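Heads up: the sequence shown is residues 1 to 708, going by full-length UniProt numbering.
Cβ coordinates follow ideal geometry from the N, Cα and C atoms, glycine included.
Predicted model only: the values in this text are computed from it and were never measured.
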Amino acid sequence: MTAPPRVFARPPKPGVTLERGGVTFCVYAGHAERVWLCLFDGENETRHAMSDVGGGQWAIFRDDAGLGTRYGYRVRGRWAPDQGYRHNEAKLLLDPYAQAVDGEVTWRPEVFGHVVDEAFHGDDAVRDERDSAPYVPRSVVVDETYDWGDDASGPRVPMADTVFYETHVAGFSRLNPEVPEHLRGTYAGLAHPASIEHLRSLGVTSVELLPVHAFTDEPHLVKLGLTNYWGYNTLGFLAPHAAYASATDPQAVTREFKDTVKALHAAGLEVILDVVYNHTAEQSGHEGATFSLRGLDNRAYYRLDEHGRDIDVTGCGNSVDVRHPAAMRLVLDSLRHWVTTYHVDGFRFDLAVTLGRAPGDDFDPNAALLMAMRTDPVLSQVKLVAEPWDIGPNGWRTGQFPPGFSEWNDRFRNTVRDFWLGDVARAGAGQPGQGIADLATRLAGSRDLFAGPLRRPQAGVNYVTAHDGFPMADLTAYDSKHNEANGEHNHDGTSDNRSWNHGVEGQSDDPSIRAARLRTVRNLLGTLLLSAGVPMMTAGDEFARTQGGNNNAYCQDNETSWLSWDHDADQRQLVATTCHLTSLRERFSVLRHTTFFPGASDASDVADLRWFGAHGRTLTADEWNDPSVHTVQAHFDGSREHEESLLLVLHNGPGDEVTLPESAGVNAWEVLWDSSVPDPAQLAPETIPAGSARPVNGPTMLVLTPTS
Numbered sequence: 001m002t003a004p005p006r007v008f009a010r011p012p013k014p015g016v017t018l019e020r021g022g023v024t025f026c027v028y029a030g031h032a033e034r035v036w037l038c039l040f041d042g043e044n045e046t047r048h049a050m051s052d053v054g055g056g057q058w059a060i061f062r063d064d065a066g067l068g069t070r071y072g073y074r075v076r077g078r079w080a081p082d083q084g085y086r087h088n089e090a091k092l093l094l095d096p097y098a099q100a101v102d103g104e105v106t107w108r109p110e111v112f113g114h115v116v117d118e119a120f121h122g123d124d125a126v127r128d129e130r131d132s133a134p135y136v137p138r139s140v141v142v143d144e145t146y147d148w149g150d151d152a153s154g155p156r157v158p159m160a161d162t163v164f165y166e167t168h169v170a171g172f173s174r175l176n177p178e179v180p181e182h183l184r185g186t187y188a189g190l191a192h193p194a195s196i197e198h199l200r201s202l203g204v205t206s207v208e209l210l211p212v213h214a215f216t217d218e219p220h221l222v223k224l225g226l227t228n229y230w231g232y233n234t235l236g237f238l239a240p241h242a243a244y245a246s247a248t249d250p251q252a253v254t255r256e257f258k259d260t261v262k263a264l265h266a267a268g269l270e271v272i273l274d275v276v277y278n279h280t281a282e283q284s285g286h287e288g289a290t291f292s293l294r295g296l297d298n299r300a301y302y303r304l305d306e307h308g309r310d311i312d313v314t315g316c317g318n319s320v321d322v323r324h325p326a327a328m329r330l331v332l333d334s335l336r337h338w339v340t341t342y343h344v345d346g347f348r349f350d351l352a353v354t355l356g357r358a359p360g361d362d363f364d365p366n367a368a369l370l371m372a373m374r375t376d377p378v379l380s381q382v383k384l385v386a387e388p389w390d391i392g393p394n395g396w397r398t399g400q401f402p403p404g405f406s407e408w409n410d411r412f413r414n415t416v417r418d419f420w421l422g423d424v425a426r427a428g429a430g431q432p433g434q435g436i437a438d439l440a441t442r443l444a445g446s447r448d449l450f451a452g453p454l455r456r457p458q459a460g461v462n463y464v465t466a467h468d469g470f471p472m473a474d475l476t477a478y479d480s481k482h483n484e485a486n487g488e489h490n491h492d493g494t495s496d497n498r499s500w501n502h503g504v505e506g507q508s509d510d511p512s513i514r515a516a517r518l519r520t521v522r523n524l525l526g527t528l529l530l531s532a533g534v535p536m537m538t539a540g541d542e543f544a545r546t547q548g549g550n551n552n553a554y555c556q557d558n559e560t561s562w563l564s565w566d567h568d569a570d571q572r573q574l575v576a577t578t579c580h581l582t583s584l585r586e587r588f589s590v591l592r593h594t595t596f597f598p599g600a601s602d603a604s605d606v607a608d609l610r611w612f613g614a615h616g617r618t619l620t621a622d623e624w625n626d627p628s629v630h631t632v633q634a635h636f637d638g639s640r641e642h643e644e645s646l647l648l649v650l651h652n653g654p655g656d657e658v659t660l661p662e663s664a665g666v667n668a669w670e671v672l673w674d675s676s677v678p679d680p681a682q683l684a685p686e687t688i689p690a691g692s693a694r695p696v697n698g699p700t701m702l703v704l705t706p707t708s
């Protein structure tokens, strides 16, 4: 016997609430006329009218629901696309607060709210009356409880000590023979001891995972026989992507991701999620499907123009309107859910400028959502990293996010690529390069970008590569992108690669070219890992992973993207080099200061950062601005803080010599790393008197420490 309908004194919390004897369901649908909860037993659906409980919320309590219940919503309301109304009760809708999702999208015309043909083209003014339920996933009721043991707060690595490692859950272990076959490519595969051992040996602190929110493929990829590999196409903001689990039961999927976080934490590794709140998988209203937000309240959840069309500042068809209270609450509740329920340690926000656009469309660092995140008692305690751009008006905003956020530093990426790739190629052709001024700024923490009020060098996340673009090995092997496998006639992906193929396009068996390319990779890694700011590595760069020239491998769920663990001697040496560099970063705290280097002398006449040229003397104003200058030496002097000091020498010219500087209290310089040596274990002990010349045979980075 079913209990009488419950009367709600106030709206319940959104999503589902497990109670003794049943489940309360609550969903926002601010312009709806009626809303139904749809419960599923296999393919059998029963509909139950929900109550309007005020504030746009609809709720119902069901005593015939519990753990494992599959459900969705249907909404009746206006159909007026030119005004932004796209209600269609024929479409089964995912709960935006679903904590688990069962099933996948089957791309058919029925999943669209408007009438389309088999090629998904049609008239978005005409409502489609066919049922979508057979072709869309179900929301699932799951239990949040989990035994975290002593994992109360995670490793809590200070931002200054952080080394990010960006990777893909599935691609990381898919080909690793040390991981049991049934676990490869899964959350459990990432948590396997073989995976954790590699991460720990590298010296990284924080594993940044490409999207793990439930997502689906885009229809154009389905037509091409491809899939969305990266996952920037969200279906549900609170549910882990089920396909990454070795388990199939939705409750087991959530447990497996918690197990993974717990295992990484036990190894001292943080878990950072790359999250996509700027757009969803529903694409644009006149072209996209109706899975959830569009059918619940298109006008509330998406930014629309006066004709009801999507305002697209993301390049993905729609833009979530985080200025609307319902959308902003969904984002904040989702973030808190991942911190409190899954114990994640931070977030990287895809196209974060979209999240900070004010009503006039300008970016506002004090926008409501950004302010809420950095003042929230839960979210302000975890790492918040912005991708500081979108494709909208004035969308490039590097350095303009508020305190509490760090940002991907694309200026670092471009400058370091130019110095070690473009300038070296130009030098070989007898042409001037870019000089050393901008490189020096990046080495010192990009003060020009991040020295705003209450900000620190750790506001900048330095990177040379990321998931989009060439990996490091391909930066040294390709002048141009080769994205033909993506099915877009090589039109997709950026053409601004700042790469250099060292004379041959693509892979080469020439030992001299291979050696030169690996040396360049070592120079890139050394600059990345030994600059002020926070470094981010991309998985596979530590062993020169290649994508065959594809710089937009978002749809390549295959060996193009997966990490290969079959390494030759050169790759093993590069891994050893990476480990050596991260150990140097850990040793020299002078690289991890939480204030910018003033560069000035204190009362003891000791400058914390001094710059020298190839001649060993302080750089002159003319040399700073001379594009023909190929060498900069940076002396990070830690004596003021009783720290070890460090000298970095970066030379991108042909064979030459560098005179090491003379400095108070320094009799000689001990070489700790030389990028011309493939294996750091083969570096012979070398101490060079201060003021003496040291040969550099081609593009080289040296790391030295003073001896008295």
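Closest by C-alpha distance to residue i, when choosing among the options
{"i": "G356", "options": "V378, V313, H241 and F347", "result": "V313"}
{"i": "V105", "options": "P678, A194, R397 and S292", "result": "S292"}
{"i": "A664", "options": "L672, S675 and R640", "result": "R640"}
{"i": "A327", "options": "P96, A477 and F401", "result": "P96"}
{"i": "E43", "options": "R62, V111 and R70", "result": "R70"}
{"i": "A100", "options": "Y85, D161 and L238", "result": "L238"}
{"i": "L443", "options": "L529, P5, A569 and D52", "result": "L529"}
{"i": "L269", "options": "G225, V207 and M537", "result": "V207"}
{"i": "G548", "options": "C555, T527 and T560", "result": "T560"}
{"i": "K223", "options": "G77, W673 and W107", "result": "W107"}
{"i": "A288", "options": "G113, Y342, N552 and E657", "result": "A quick correction: the sequence has Gly, not Ala, at residue 288. With distances taken between Cα atoms, G288 lies closest to G113."}
{"i": "G506", "options": "G526, L475, D63 and G445", "result": "L475"}
{"i": "N366", "options": "F401, E644 and E387", "result": "F401"}
For residue i, the three-state DSSP class (helix, strand or coil)
{"i": "A466", "result": "coil"}
{"i": "E110", "result": "helix"}
{"i": "E586", "result": "helix"}
{"i": "P706", "result": "strand"}
{"i": "Q57", "result": "strand"}
{"i": "L92", "result": "coil"}
{"i": "W562", "result": "coil"}
{"i": "W420", "result": "helix"}
{"i": "G182", "result": "For the record, residue 182 in the displayed sequence is His; it is not Gly. Looking at H182 - three-state DSSP - the assignment turns out to be helix."}
{"i": "C316", "result": "coil"}
{"i": "I688", "result": "strand"}
{"i": "W624", "result": "helix"}
{"i": "R20", "result": "coil"}
{"i": "A603", "result": "Since pLDDT at A603 reaches only 49, below the 50 mark, its modelled position is unreliable, and the value read off the structure follows with that caveat. In this structure, A603 counts as coil in the three-state DSSP scheme."}
{"i": "S512", "result": "helix"}
{"i": "F347", "result": "strand"}
{"i": "G506", "result": "coil"}
{"i": "A281", "result": "coil"}
{"i": "F450", "result": "helix"}
Range of the contiguous alpha helix (DSSP H) that encloses residue i
{"i": "G171", "result": "V169 to S173"}
{"i": "T260", "result": "P250 to A266"}
{"i": "P338", "result": "The question names Pro, but residue 338 in the sequence shown is Trp. Segment P325 to T340, the alpha helix (DSSP H) holding W338."}
{"i": "L648", "result": "Premise fails: L648 lies in the beta strand (DSSP E), L646 to H651, not in any alpha helix (DSSP H)."}
{"i": "L672", "result": "Not the alpha helix (DSSP H): L672 falls in the beta strand (DSSP E), residues A668 to D674."}
{"i": "N298", "result": "L293 to Y301"}
{"i": "residue 716", "result": "Look at the range of the chain in this structure, 1 to 708, and you will see that residue 716 is not part of it."}
Element boundaries [beta strand (DSSP E), containing residue i]
{"i": "D41", "result": "R34 to D41"}
{"i": "K383", "result": "K383 to A386"}
{"i": "P598", "result": "First-last for P598: undefined, no H or E at that position."}
* Using 8 Å as the threshold, is the region 487-497 in touch with the region 188-198, meaning 3 or more CB pairs across them? -> no
* Decide if the region 199-219 is in contact with the region 227-237; the criterion is three or more beta carbon pairs, one per stretch, under 8 Å apart. => yes
* the region 528-544 touching the region 448-468, judged by at least three CB pairs closer than 8 Å -> yes
* Three or more C-beta pairs closer than 8 Å, one from the region 568-581 and one from the region 666-686: is that the case here? -> Output reads yes: the region 666-686 touches the region 568-581.
* Asked: Does the region 520-533 come close enough to the region 448-460 that 3 or more CB-CB pairs lie under 8 Å?
  -> yes
* Give a yes or no on contact between the region 391-398 and the region 356-367, applying the rule of three or more CB pairs nearer than 8 Å. => yes
* Does the region 245-264 come close enough to the region 138-146 that 3 or more CB-CB pairs lie under 8 Å? -> In this structure the region 138-146 touches the region 245-264; the number of beta carbon pairs closer than 8 Å is three or more.
* To do: Could you pull out every unbroken beta strand (DSSP E) segment of at least 3 residues lying fully inside the region 520-562, listed in chain order?
  => Segments of the beta strand (DSSP E) lying fully in the region 520-562: 534-538.
* **Given 8 Å, three or more beta-carbon pairs between the region 57-77 and the region 7-24** => When Cβ pairs closer than 8 Å are counted between the two stretches, the region 57-77 is seen to touch the region 7-24, the count reaching three or more.
* Okay, do the region 23-31 and the region 294-304 touch, 3+ Cβ pairs below 8 Å being the bar? -> yes
* To do: Would you be able to state if there are at least three C-beta pairs under 8 Å between the region 695-704 and the region 647-656?
  => The region 647-656 is in contact with the region 695-704.
* Does the region 431-440 come close enough to the region 625-639 to have 3 or more Cβ pairs within less than 8 Å? -> yes
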